[in-house]
Amino acid sequence: MSLATASPAMVGRDAELACLDDALRRAEAGEAASQLIGGEAGIGKSRLTSEFRRSVAGRAIVLTGWCLDYGSTPAPYGPLPAILRGVLDALGDAADEAAGPGRDALQLLLPERTAGPIDRSAIRPEGLGETIANLLEAAAATRPVVVIVEDLHWADAATLSMLSFLLRALAGRPVLFLLTCRVDEVRRGGSIRTFLAEAERARLLERLSLARLDTVAVRDLVFGLRGAVDDAELAHLVERSEGVPFFVEELLCKPEGPLPDTLRDVLLARFDSLGDDARRIVRLTSGAEGPIAHEPLAELFAGGDDRLDDALRETMTAGILTIRDGEAYGFRHALLREAVHDDLLPGERARLHRSYAELLERTGGSEAALAYHWHQARDAPRALAASVCAMQQAKNAYAFSTAARFGELALELWDQVPDAGAVAGTERIAFLARLGSILRNGGDGERALAVVSLALDELDPATAEPAVHARLLRDRALYLQNLGRHGTVPLLTKALEVIDGDPGEAQLRATLLNFLGGRHLTGARLEQAVATADEAYRLAETADSETAMSVAANLRGCARVHLGQVTAGLADFRLSWEHAVDHDSQLRHRVNYADTLNLLGRFREAVEVAELGVAHSRTLGVERATGSVLSHNMVEPLIELGEIDRAEAATTRDLQVRTLQIFRLYSTMSRIRTLVWRGRIAEAEALLAEWRPRAEATSEVERQVWYSLRSVEILIALGAGDPLRAAEALQRTLDDDGTRTAQLIRILLEGARVVADLRTDGHVDLAATTAAALRTAWRSLPIELQIPGWGPVIDAVLDADTAALTEAVPLADGDGVPAVFAPIVRLELARAHAAAGDRAAAAEQGADALARAERLEHDRLRRRAAEFLDAAGLRRASGTGRGASTGSGAGTIAALAGAATGDSGAGVADLTSRERQVLDLVTEGLSNRQIGERLFISAKTASVHVSAILRKLGVATRTEAAVLARTESPASLPEQTTAADRL
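Heads up: the sequence shown at position 811 corresponds to 811 in full-length UniProt numbering, and the numbers run straight through without jumps.
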């Protein structure tokens, strides 16, 4: 079965929709802005035009025509009748006069316009184009006209000739042509290719290419169609569909097994039309595990060079195969390969893969390829030996996901092969332990746990080596930890008992103690964590294991910081780095050190440490495991610094990576924070509801998750404008009798904002009670955890005292205080001035708060500041509306405080902080892709920013924007950090 409907909401095309909207504005202004919307079949061209048609329905006359596939003889003027009927309906009684003297030519396309037979001898066909142009021009005199021509790849020569004329005749008129086309299917030298080349060369058409959807967009598409999907299913769907929306929708009907018939028939339609040799080439290529070079394909084909070349050319003309890397052949779509391969008979498929395997053995192919082909050829012994070798090779290259696939294949084959251990070259228990580690590093925590549990079930403790048994217990504890589950401490305790008294296992014992110390740390058993880490450090010294010494010092440093012994804890971190001599200890150091720096308000340093760790994890292939938690540790301080675009980009990248559940939980909490920042409260609440059961369960074993839950509850309530709910969540946090860790500090600072909102909304008594509880909690913190600068900010906001708030302003502006407090402190100062009757000072501080909230792009703070200015009557008529508040602090202050004269010409100073960053890079000559890479955003997002910049500056090109940026005096702009400084 096929899905009855497509996704109710278009996903992943916001930038393209913005480009079409911009094109319509330019067409209205008299510019040539017509668009060629290019992309492969199923990519969403028609969906995009449909969404655009809906979005401009009240603003423009939209006319749509279709080119239809009639085989080798397409219908002349295929899309024009529908377009003409639409424009005639729009013009009504004025249509005949608008058509002009050649109106009778319309009978050629609209036979209903004559009562009898058409007198073709009396009609001049050459007048048809002029008549259509007259009609479109007349319609455009009332409203802009959008002409959509779907599926141009099926257009006939007459249609192309007419479009070429109309594009030229209506240039400069408010008429926008949108032409959709499968550009990859257009033959070289054909009339369509010639038309497109000439139109683009004459600047009559701009090409807008639709790319395949990324993982996040596919997730959104699936959610709209079917609801939430787990990470494994999503990854499989992305791999099979390659991000083509139609393929995604069809595969959801049947996520496993053979392709749905509807999709299979669509994919094989072109294959069925090929000649015999071409079909043989396609079948041979379907057997390859990837693109296949010319020489092996020629050897398998064995039909002579001329026949091979002709057959290959036919497959490429049909859009089935394509040249990869200049010298190999591969399928244009992976699903097409799957459809052809599945269409082979069982014996035919086995013979094909045996031919491949024998060829690779003769020519020295990779173990990975041999494992694949011997398995497909149903030769289990050879497939097992090759898959174990391929697993180890991939592991050595840090390609853990690939290694996991071959390890799973080997496990599947193990019971099919007599004396499998001898064939594989390893004993089964050792193999299972190795596979479990690979699965964990590949981000598959459930499978890792299942494999190590299988190994423990098969192990006989009475005969097994104690070290082997202890390591398996350690691994099971680690995998449970990665899933946020109970049971790790008993397993580690048992592992220590297994090797107790063996003096030769001091290093293993130190490692086990480090794991146990880590569990005490996450469970907030801080004194036990310090004692366990001390013992681990001593044992590691005796075993001369610098790695274990580094990890022990690292864990002890974390625990000491949470206990308030910050100086001693930071000394431990320095010691940890001195002994971090390998990748494992270096990554662990960066994970915990970045987190600690963030907790201590050293946000910029935290970002730098985490960034180094993410890059390091990527080189080691553990981006799905350790790299994921490092990415989270980078996102949190980026949010605190107000660099929300970078935080969102990093979170998006992290959500695209299949990772362990505990790390996905961390990333999800960060995602909720960014959603709240943007004002997308409903999405934040839905995401929290989805993840709450897992978070609550994990919070029982990880104290930091408990604090993270309370934090996002407070933030969501504040973002929703519900300080009562925020105060309730805050009070639950303060009343909790569990161990207090350094995670509490940031919540106390946020608590000051809760009090401010309570006071503003008239809940004065509750505000006073909450403020008293916050002061008590802050002063009960160990002195070294009372971060410099935070105490005065908290007291100033709680007291709402003008003098204290004035002194807190420069503190709130520093990198050591979360960026949101720069507008918060100013807004509270504005309220204090207003209460004291100083309207000028209130207007100045309120406008400054609004401008800073705008630059941070923080939805709730922007609205709070605007509400205050409106309620206090401090906003000038010339400065009303959101758009008046998006400029520099100085400019907005002048407008709102009364110093402005109403002259508000747009300039660089009126851009947002992110837009100024993008403009700096445009001035350097960077492309959208390069801008995206520099700022950790997508090229599409960069494109949207550039379009917004051009619109705000009133310029048409990037060059003009760069010139304007250089001519404006830097001294007139607000102080800002450059893009390079941010990186």
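All residues carry an ideal CB built from backbone N, CA and C; glycine is no exception. All values reported here derive from a predicted model rather than from experimental measurement.
Mind checking whether residue i and residue j have CB atoms under 9 Å apart?
i, j, result
"A311", "R264", "no"
"A318", "L274", "yes"
"F431", "W414", "yes"
"R168", "I61", "no"
"L749", "V793", "yes"
"E822", "E807", "Looking at the sequence shown, residue 822 is not Glu but Ala. No, these two residues do not count as a Cβ contact at 9 Å."
"H353", "Y372", "yes"
"R474", "L459", "no"
"L384", "A404", "no"
"V218", "L237", "yes"
"V216", "G518", "no"
"G837", "A872", "no"
"G816", "F603", "yes"
"L718", "V755", "no"
When you compare only the Cα positions, how much space is there between residue i and residue j?
i, j, result
"R958", "L950", "7 Å"
"Y356", "G290", "12 Å"
"A477", "L454", "14 Å"
"V183", "I43", "12 Å"
"E206", "V918", "23 Å"
"R26", "G642", "34 Å"
"L284", "H375", "17 Å"
"L282", "L308", "A quick correction: the sequence has Val, not Leu, at residue 282. Using only the alpha carbons, I get a separation of about 11 Å."
"D799", "T402", "59 Å"
"L665", "V607", "20 Å"
"V944", "L17", "10 Å"
"E541", "L516", "18 Å"
"G201", "T315", "Strictly speaking, residue 201 in this sequence is Arg, with Gly absent from that position. So the alpha carbons of these two residues sit roughly 30 Å apart."
"E233", "A543", "45 Å"
"D444", "M669", "20 Å"
"L160", "V676", "50 Å"
"F301", "A197", "37 Å"
"I716", "I681", "7 Å"
Given residue i, which residues of its chain have a CB within under 7 Å of its CB, disregarding the five upstream and five downstream residues?
i, result
"D870", "none"
"E137", "L170 and R173"
"S545", "Q507 and A510"
"E505", "A467 and I499"
Any chance the CB of residue i is under 8 Å from a heavy atom of the ligand NAP?
i, result
"T698", "The ligand NAP is not part of this structure, which contains no ligands at all."
Among residues of its own chain, excluding the 5 on either side of residue i, which ones have a beta-carbon nearer than 8 Å to its beta-carbon?
i, result
"I747", "Y707, R710, S711, I714, L730 and T733"
"A971", "For A971, the predicted model reports a pLDDT of 38, less than 50, meaning its position is unreliable; a value from the coordinates is still stated below. Counting only Cβ-Cβ distances below 8 Å, and skipping sequence neighbours, we find nothing."
"R313", "none"
"D21", "F52, S55 and V56"
"G100", "E130, T131 and N134"
Within a Cβ cutoff of 6 Å, which residues of the same chain sit near residue i, ignoring the five residues on either side of it in sequence?
i, result
"V963", "none"
"G102", "G127, E130 and T131"
"E408", "none"
"R982", "With a pLDDT of 26 at R982, under the threshold of 50, the modelled position of that residue is not reliable, and the figure given next carries that caveat. Hits under 6 Å: none found."
"V186", "H153, I192 and R193"
"M10", "R47 and E51"
Run through DSSP, which three-state label would residue i get?
i, result
"A293", "strand"
"E465", "coil"
"G12", "coil"
"E150", "strand"
"I787", "coil"
"T739", "coil"
"S550", "helix"
"L68", "coil"
"E206", "strand"
"V817", "coil"
Is the CB of residue i under 9 Å away from at least one CB in chain D?
i, result
"E361", "Any reference to chain D falls outside this structure, which holds one protein chain only."
The region 519-529 touching the region 494-501, judged by at least three CB pairs closer than 8 Å: Cβ pair count under 8 Å is below three, so no.
Okay, do the region 190-197 and the region 41-57 touch, 3+ Cβ pairs below 8 Å being the bar? No, the region 190-197 is not in contact with the region 41-57.
Report yes or no: do the region 719-729 and the region 737-744 share at least 3 C-beta pairs separated by less than 8 Å? no
For the structure I just gave you, are there three or more beta carbon pairs, one from the region 552-572 and one from the region 587-606, closer than 8 Å? Yes, since at least three Cβ pairs between the region 552-572 and the region 587-606 fall closer than 8 Å, the two stretches touch.
Kindly confirm or deny that the region 547-567 and the region 761-771 touch, where touching means at least three C-beta pairs closer than 8 Å. By the Cβ rule, the region 547-567 does not count as touching the region 761-771, because fewer than three pairs are nearer than 8 Å.
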